[in-house]
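Everything on this sheet refers to the single structure shown next.
Encoded structure:
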């Protein structure tokens, strides 16, 4: 087999994926709701074509051939081959019947989850969740390579080479550090004023502000667009067409503004992957964790930076057409970084967010490496929220039913969000060795930051593993200290604590 | 073969077509321009899949089988089978090499046409056009069934069962009738005042007005949407998702408003085809001419109606927020129907439009049934414009280079537009036997009109031929008298001619 033939097959798979991505984007932004049944007929059919090719004869032929003739592959071909092989090895041993049962179960569980949410009653989801867990446990032996624990197998699907051994240590440190910061803020901090955050800012005013900001940060609007949706996301169709979506709240500008800045981080990553990888599986993010590190770099690092906001505040005030003229910059900045424990993960602030993830990580580990029963989960959930965040869900909707992930069988996904936080802070630390980041964010030209991220992360796409990227970009493996240092600096400043 | 298997194959073809329709809509409404090369890779690939299935083994097997066992087909199956068979018979005899040559030539001709337009120089398009004509002439013997002339073969591809014999008679009468009306207006008419038509009306104001109007006319916005584009169109993805597009000119509200009302006519047709035909080739318009009859019913019949505008004018004034408060209804209405000969077809008014089509029809007939050379065409074009419309193009861009059709090999398409005019007027005449159309348009409830069109036209989709639909809906075959009567009534009123 010629490399060309292998790459052509990958290209056709990618073309189907691009079509599916447009259909998905359309269904979440513009499609009339009433058309959803008809649309799923289209996507199911195309997804079938896509999946058939991914596990088809051309791909297995390529695996056999290039395993024996690795030297016939170019740099791009080799990167693509590695990813194709990994995915093939992951799935080829799984019996078809089990995979079908699993698909059916997750789709049923999604409906059960929705129903349970409407009734705020975990017992309506209980059985379906148990079935998802049972089937995932049945799949793990087929997926397993040399991972030490069952849960490591799941982790690896979202963050290659990540282990519970690493995460246990890292999360222990982060949990302790965050609880410590929270304790200090509580004892010695001064709560900032936040009343003006709910002043009305129209969608058009918010949009005007943030579209200018994300372009300054390096998102290329000529190769993208920004649309409204219910559950915001970014999607890279190809590197010339990378779309952002958001939702707006006219009485909480921070939702739309930080939402767009977050999605623009994902978008910049997709826009800046080296073109040579286009049409191969290397032309995507290295992992969920690395992808989140890019969105969170924008949201948490840039979006928490005092110099950045000092520079942007006059334009923000201008866009708001007088609404914030009586608010000083210092008041404005501090309000953005107020912290408060919440019950709901997606409403959490940057200090408490990772605690929500640690709770989920600990529970998932108990499910797959321990012997907890499904019936015990809501209580465990609530106890951990009490312990780590000091809040108590009034019902299951505010508790264990809040996330979609388990209904779809996505166990092991949650840690990606926390990894994104830690990677972002670690990258920021490394970046400061090359750049005076505060000075750049105080200036008219942010391009040095985007260039640094492109050089060290974006351009490689999935051709390097997350741990390799982080090691090469920062000179050390994952280290949670930088996140803790960063959070401490930001929040001690906002809460006026001098140590 | 079971009917189910045949219908399943048609469904898969239709699903691919739906995906292609979304991709096309997206590329004309929202896609970043810079992504167009990448997008055409996706659409070429999917179009290849689509075409392969359409001429694939399942379809030829179905044709053989159901030709021998027609009684095994249901009503829907039989309607679909008829259309599939016609298309198969049209194309199956064409040698692949010829088809490939033709595709290549038309794609080359499109670039040549664009280049010629930029230089306003027909000689740059001459050779490519000659090649398109040569290859079309080579294809005609393969396409030909029992049509009397070569040009009839082309006509039939857009308007089944239409002949030059019919069109020669019809167009002779229409041409004479329109020239006669124009002569009378010139001699005895009073030109209406039109200066205020260019007053500024913002996109938002225009949109507010017309979106309400098209919903009143029966376009279901819950199963559709309206987006901005450069070359307006309507697209029926499926009957729950039928989208309109338009362009706006803030200093010529009539462009956007009549544009949207026109596209909504196409949209209503697509929304109201009987659901039972969904996923088959019967779930589309009966022909280009019938489709145009629906858009033109909205644009020319409803959109020229004095009672309709009298009812709508206060709301129009309200949407324009004072801009037209000094304009009486009579002044407003008359301005909308001012007529003036133009050089450009797509800028023509409702009285002169059909003359533009007749010119093209006569030239196309000369090309395929006569022995005109390509070099003679620009002069013939200009002479006909002088003769029929009294205007003379200053250059080829204002003349023979204005339309895209010939560059794509779409010879025989133009008459559809004129048929749409005549069908619309004939349907209006028939409708008046059942309804007092003026009274309906003066009322708050237009639904009787939509219901009449759905009963007589929309619901059948392509399951009946255009001539059959017109005969059954109006009790007689195509008759151009109704268009002439209608135009005479409208324009004599506007130009204050009492006969």
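Residue numbers (my numbering), protein chains in the order written: chain A, 73 to 571; chain B, 73 to 571. C-beta atoms are modelled at their ideal positions from N, C-alpha and C, and glycine is treated no differently.
| query | result |
| --- | --- |
| Where do the N-terminal and C-terminal ends of the beta strand (DSSP E) with residue 298/A fall, by residue? | 296 to 300 |
| Listed from N- to C-terminal order along the chain, which residues in the segment 264 to 277 of chain B have their beta-carbon within a distance smaller than 8 Å of any beta-carbon of chain A? | none |
| Say whether chain B places a C-beta atom closer than 8 Å to the C-beta of residue 346/A. | no |
| Taking 8 Å as the threshold, find out whether the segment 359 to 377 of chain B comes into contact with the segment 491 to 507 of chain B through three or more Cβ pairs. | yes |
| In this structure, does DSSP put residue 95/B in helix, strand or coil? | helix |
| Using only CA atoms, which one of 240/A, 424/A, 309/A and 391/A lies nearest to residue 329/A? | 391/A |
| Would you mind working out which of 479/A, 481/A and 419/A sits nearest residue 470/A, comparing C-alpha positions? | 419/A |
| If you measure from the beta carbon of residue 295/A to each beta carbon in chain B, is any gap under 8 Å? | yes |
| Closest by CA to residue 294/B, which one among 300/B, 316/B, 277/B and 199/B? | 316/B |
| Name the one or two DSSP bridge partners that residue 314/B has. | 296/B and 308/B |
| State yes or no: is the beta carbon of residue 312/A nearer than 8 Å to at least one beta carbon in chain B? | yes |
| Could you check whether the Cβ of residue 94/A sits closer than 8 Å to any Cβ belonging to chain B? | yes |
| So, is the C-beta of residue 102/B closer than 8 Å to a C-beta in chain A? | yes |
| Measuring only the C-alpha atoms, how far is residue 296/B from residue 314/B? | 5 Å |
| Closest Cβ-Cβ distance between residue 91/A and chain B: below 8 Å? | yes |
| Pick out whichever of 186/B, 334/B and 321/B has its Cα sitting closest to the Cα of residue 305/B. | 334/B |
| Going by the CB atoms, is the gap between residue 117/A and residue 84/B shorter than 8 Å? | yes |
| Let me know the secondary structure DSSP gives residue 372/A once reduced to three states. | helix |
| Should residue 461/A be labelled buried (16 or more other beta-carbon atoms within 10 Å of its own) or exposed? | buried |
| Between residue 117/A and chain B, is there a C-beta pair that is closer than 8 Å? | yes |
| Using a cut-off of 8 Å between C-beta atoms, extract the partners of residue 107/B located in chain A. | 295, 309, 310, 312 and 313 |
| Identify, in the order they occur along the chain, each residue of the same chain with its Cβ nearer than 7 Å to the Cβ of residue 485/B, setting aside the five sequence neighbours on each side. | 230, 360 and 477 |
| Label residue 76/A either buried or exposed according to how many other C-beta atoms from any shown protein chain fall within 10 Å of its C-beta, with 16 as the threshold for buried. | exposed |
| Rounded to whole angstroms, what's the CA-CA distance from residue 661/B to residue 339/B? Just pull it up for me. | Any property of residue 661/B remains undetermined from this structure, which presents chain B solely from 73 to 571. |
| For residue 478/B, report the span of its alpha helix (DSSP H) as first-last. | Unbroken run through residue 478/B: none, as it is neither H nor E. |
| What three-state label does DSSP hand residue 263/A in the structure shown? | coil |
| State yes or no: is the C-beta of residue 253/A within less than 8 Å of the C-beta of residue 560/A? | yes |
| What whole-angstrom Cβ distance do residue 567/B and residue 257/B have, given they're in contact under 8 Å? | 5 Å |
| Mapping DSSP to helix, strand and coil, what is residue 546/A? | helix |
| Output yes if chain A places a C-beta closer than 8 Å to the C-beta of residue 201/B; else output no. | no |
| Within the continuous alpha helix (DSSP H) that includes residue 529/A, where are the two ends? | Unbroken run through residue 529/A: none, as it is neither H nor E. |
| Mark residue 217/A as exposed unless 16 or more other C-beta atoms lie within 10 angstroms of its C-beta, in which case mark it buried. | exposed |
| So does residue 313/A have its beta carbon nearer than 7 Å to some heavy atom of the ligand MN? | Judged by which ligands are present, the structure shown has none, so any question about the ligand MN falls away. |
| Can the beta-carbon of residue 352/A be found less than 8 Å from the beta-carbon of residue 200/A? | no |
| Give the secondary structure of residue 166/A by DSSP, where H, G and I count as helix, E and B as strand, and everything else as coil. | coil |
| Compare the C-beta of residue 566/A with all C-beta atoms of chain B and state if any pair is closer than 8 Å. | no |
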